[in-house]
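Structure first, then comments.
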Amino acid sequence: MAKILVVEDEPSLRKLLQYQLSKIGHEIRVAGDGEQALALVKSERPDLVLLDVVLPVMGGFQVLRKLQEDKNTKSILVIMLSAKGQQHDIAAGLNQGVFDYITKPFNIPNLSARIDKALASIG
Numbered sequence: 344m345a346k347i348l349v350v351e352d353e354p355s356l357r358k359l360l361q362y363q364l365s366k367i368g369h370e371i372r373v374a375g376d377g378e379q380a381l382a383l384v385k386s387e388r389p390d391l392v393l394l395d396v397v398l399p400v401m402g403g404f405q406v407l408r409k410l411q412e413d414k415n416t417k418s419i420l421v422i423m424l425s426a427k428g429q430q431h432d433i434a435a436g437l438n439q440g441v442f443d444y445i446t447k448p449f450n451i452p453n454l455s456a457r458i459d460k461a462l463a464s465i466g
């Protein structure tokens, strides 16, 4: 399975995602803010990042830009997770290069299917 970095500032959701995704066989790392996320991306080299939009220290879109600007991380797939579900929010995320944009609340089977689709795109 894949190595996934979950970047979520809400501790209960972060733990739930870590538990549920590891239960399906993924190797999970977690970060609670944008700076932690960037450090873990560099040290852990995940296949996929589940990235919350609203984060302390550095927001999700800032993290995304930094990943895209670095030749060593620009190919890492990113799925945005956000409570911001307006069409313009979703379009903004997709236009900035995320693989997918999932609005909260979401269910684990749907999230898992979208993760599988993202991972299948990289072979």
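Using our numbering, read the sequence shown as starting at 344 and increasing by one per residue. All C-beta atoms, glycine included, are put in the ideal place defined by N, C-alpha and C.
Which residues in the same chain as residue 440 place their Cβ atom closer than 8 Å to its Cβ, once the five residues preceding and following it in sequence are excluded? As a position in the sequence shown, residue 440 is number 97, starting the count at 1. Excluding residues within five positions, the ones whose Cβ falls inside 8 Å are 407, 411, 421.
Tell me where the alpha helix (DSSP H) around residue 464 begins and ends. Translated into the one-based positions of the sequence shown, residue 464 becomes position 121. Residue 464 -> no alpha helix (DSSP H), and no H or E assigned at all.
So who's on the other strand from residue 444, going by DSSP bridges? The residue given as residue 444 occupies position 101 in the sequence shown. Answer is 423, bridged to residue 444.
Considering only the alpha carbon of each residue, which of 417, 444, 466, 418 lies closest to residue 429? Along the sequence shown, read from residue 1 onward, the residue named residue 429 stands at position 86. The shortest Cα separation from residue 429 among 417, 444, 466, 418 belongs to 444.
Going straight from the alpha carbon of residue 433 to that of residue 405, what length do you get? Along the sequence shown, one-based indexing puts residue 433 at 90. Along the sequence shown, one-based indexing puts residue 405 at 62. Counting only the Cα atoms, residue 405 lies some 16 Å from residue 433.
The beta strand (DSSP E) spanning residue 345 covers which residue range? In the sequence shown, counting from the first residue as 1, residue 345 sits at position 2. Where residue 345 is concerned, there is no enclosing beta strand (DSSP E), given that its DSSP letter is neither H nor E.
Below 8 Å on the Cβ atoms is my guess for residue 398 versus residue 352; work out the distance and round it to an integer in Å. The count along the sequence shown starts at 1 and reaches residue 398 at position 55. The count along the sequence shown starts at 1 and reaches residue 352 at position 9. Going by Cβ atoms, the distance from residue 398 to residue 352 rounds to 5 Å, so yes, they are a contact pair.
Under 9 Å between the Cβ atoms of residue 367 and residue 346? Residue numbering aside, residue 367 sits at position 24 when the sequence shown is read from its first letter. Residue numbering aside, residue 346 sits at position 3 when the sequence shown is read from its first letter. Cβ distance not < 9 Å, so residue 367 and residue 346 don't count as in contact.
Reducing DSSP to helix, strand and coil, say where residue 357 ends up. Within the sequence shown, numbered from 1, the residue matching residue 357 stands at position 14. Three-state result, residue 357: helix.
Which same chain residues, not among the five before or five after residue 390, have their C-beta less than 8 Å away from its C-beta? By 1-based counting over the sequence shown, the position of residue 390 is 47. These residues qualify, in order along the chain: 345, 346, 347, 419, 420, 462, 465.
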